[in-house]
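Working notes for the structure below.
Chains as they are written, first to last, in our numbering: chain E, 629 to 911; chain S, 2 to 236.
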């Protein structure tokens, strides 16, 4: 099989094949509006199944599913920080620091809504949230989340670290989609920056003297936050085997270094099981 | 077509076999991507760069893994030097953080070497002559550059990866690099963990092409890294 010749064969009936396959081509590099970029994301799918394997392409339905799932998580984070800002729980000395994160989360909501709409989908509406994790009763285990800054930052850390895991777990569904996957990875990186920043803040404020900007698990427990209620959010972070290589036995590092060097994914089902019925009110 | 069957030959243990089981599919897939940017009718062979000392990352998913391996080699070498010759006034908590990061980057480096196996590029020779390792600002500014570049590199190359397993592994590493990047930024300037130099107007981390990243990274390398199958150097 000669794949180069296949391209030439297609070119005979579709002179635009090169541009379709590679959105970076000069012919379209000047299209800079966001809507156009997203429209390009859907283009490879128009080629049909021939390149399905090459692009590992998911259906538009699958992509919209991931995006609406991501939007749901961003709604939660944006609501959390917006409520925190409005409540006065954030001390003045940290207001700019938290405002940076709040601003990013609100932008993620707007961005994902625009992407979904641009791809012909309908953005989901925001669920109802209970930031105390009380499933709409308002008296859950984090009932002082908007009055006690220590609780607020502990919940913030759980949301950010879980957000990182969620985007990571969804990425393979977007395999090969240059625009949407790159956007998802780029939000993923920002959530990780936030997670690092919240962890540093918790350390520097003395909320947790041992917390690091990265997740340092033990062989018995993924959760390094000292908050047992969120053990489930860190389950699996204790993994030390990557790509078939046991980092501890084969490469001789400690469990702490092995776990901190790699963040672990969660599936959509795992993430929703952690949130629905507590922070996300059961529909 | 040529496949990377050499990966399945002698000396490759079972773990590595498992890790690389998608290598063949990856190579085939990237041939399509390569073809898309080099149609037969206007394809020109690369200019002869063979006389310059360089290492090429290769093709397909292995090429992307080698790209990551090259960047992790660079980061590991940098932090090994940072800890070996601490800048004046390095606080105990800074020493602790930078030692952690050194350990993470060394592990990333060693992991890629083990995982890629016989298809791995060789050991790179670094050139940090532009960095003053006794000066905090010089060191942290270089650290920020390396970490930010690492994040933009993984984010920008993710779509080129054909194997879901490799993509997940890249994802596992890039979020740790982003954690490093945010910390280093905060050490340089409190609250700068997601500043406009790295985050765009949509709240997204910036991303960069292989060509953009290598053009910068090669400034720290005596042995230059090329990616001729990914448009670097440009022909």
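C-beta: ideal position from N, C-alpha, C; glycine also.
- Around the beta-carbon of residue 54 (chain S), fewer than 16 other beta-carbon atoms lie within 10 Å, marking it exposed.
- Non-local C-beta neighbours of residue 874 (chain E) in its own chain, meaning closer than 8 Å and more than five positions away in sequence, comprise 868, ordered along the chain.
- In its chain, beyond the 5 residues on either side, 232, 233 have a beta carbon closer than 6 Å to the beta carbon of residue 212 (chain S).
- The bridge partners DSSP lists for residue 732 (chain E) come to none.
- Non-local beta-carbon contacts of residue 827 (chain E) in its own chain, meaning distances under 7 Å to residues more than five positions away in sequence, involve 785, 839, 840, 841 in chain order.
- Listed in chain order, the non-local C-beta contacts of residue 65 (chain S) below 6 Å within the same chain comprise 158, 161, 162, local neighbours out to five positions each way being set aside.
- Within chain E, the C-beta atoms nearer than 7 Å to that of residue 160 (chain S) come from 804, 805, 806, 809, 810, in chain order.
- In the three-state DSSP reduction, residue 870 (chain E) falls in the strand class (E or B).
- Closest in C-alpha terms to residue 183 (chain S), from the list S:110, S:62, S:102, comes S:102.
- Taking 3 residues as the shortest admissible run, the segment 771-812 of chain E contains no complete beta strand (DSSP E) segment at all.
- The three-state secondary structure of residue 225 (chain S), taken from DSSP, is strand.
- Residue environment: residue 173 (chain S) is assigned as buried (16 or more neighbouring CB atoms within 10 Å of its CB, all protein chains considered).
- Inclusion of residue 736 (chain E) and residue 788 (chain E) in the CB contact set at 9 Å is not warranted, their separation being larger than that value.
- For the alpha helix (DSSP H) assignment, the uninterrupted runs of no fewer than 4 residues enclosed by the segment 678-728 of chain E are, from N- to C-terminal side, 680-683, 688-715.
- For residue 67 (chain S), the closest of S:138, S:148, S:125 by C-alpha to C-alpha distance is S:125.
- One thing to note: residue 833 (chain E) has its Cβ no nearer than 9 Å to the Cβ of residue 774 (chain E).
- Look at residue 112 (chain S) here: in three-state DSSP terms it is helix.
- Chain S has a Cβ within less than 9 Å of the Cβ of residue 878 (chain E).
- Taking the C-beta atoms as reference points, residue 888 (chain E) is found no nearer than 9 Å to residue 115 (chain S).
- For residue 187 (chain S), the chain E residues whose Cβ falls inside 7 Å of its Cβ are 825, 828, in order along the chain.
- The beta carbon of residue 122 (chain S) sits closer than 7 Å to the beta carbons of 56, 58, 67, 70, 71 from its chain, once the five residues preceding and following it are set aside; these are given in chain order.
- Just measuring C-alpha positions, the residue of S:176, S:185, S:196 sitting nearest residue 823 (chain E) is S:176.
- Around the beta carbon of residue 911 (chain E), a 10 Å sphere encloses fewer than 16 other beta carbons of the protein chains shown; the residue is thus reported as exposed.
- Listed as beta-bridge partners of residue 816 (chain E) by DSSP are no residues whatsoever.
- Taking the beta carbon of residue 796 (chain E) as reference, the chain S residues within 8 Å of it are 169, 172, 173, 176, listed in sequence order.
- At least 9 Å separates the CB of residue 92 (chain S) from every CB of chain E.
- Taking C-beta atoms as the reference points, residue 198 (chain S) and residue 881 (chain E) fail to come closer than 9 Å.
- Between the segment 713-733 of chain E and the segment 190-210 of chain S, the count of Cβ pairs shorter than 8 Å is three or higher; the stretches touch.
- Straight across, the Cα-Cα distance linking residue 699 (chain E) with residue 743 (chain E) is about 10 Å.
- Pairing residue 80 (chain S) with residue 111 (chain S), the inter-Cα distance amounts to about 14 Å.
- Runs of the alpha helix (DSSP H) spanning 4 or more residues and lying entirely within the segment 164-212 of chain S occur at 165-189, in chain order.
- Residue 155 (chain S) has its alpha-carbon roughly 12 Å from the corresponding atom of residue 167 (chain S).
- For residue 719 (chain E), the nearest beta carbon of chain S is not closer than 9 Å to its own beta carbon.
- In the structure shown, the three-state DSSP call for residue 835 (chain E) is coil.
- One thing to note: residue 209 (chain S) has its Cβ no nearer than 9 Å to the Cβ of residue 142 (chain S).
- CA-to-CA, the gap between residue 779 (chain E) and residue 830 (chain E) works out to about 10 Å.
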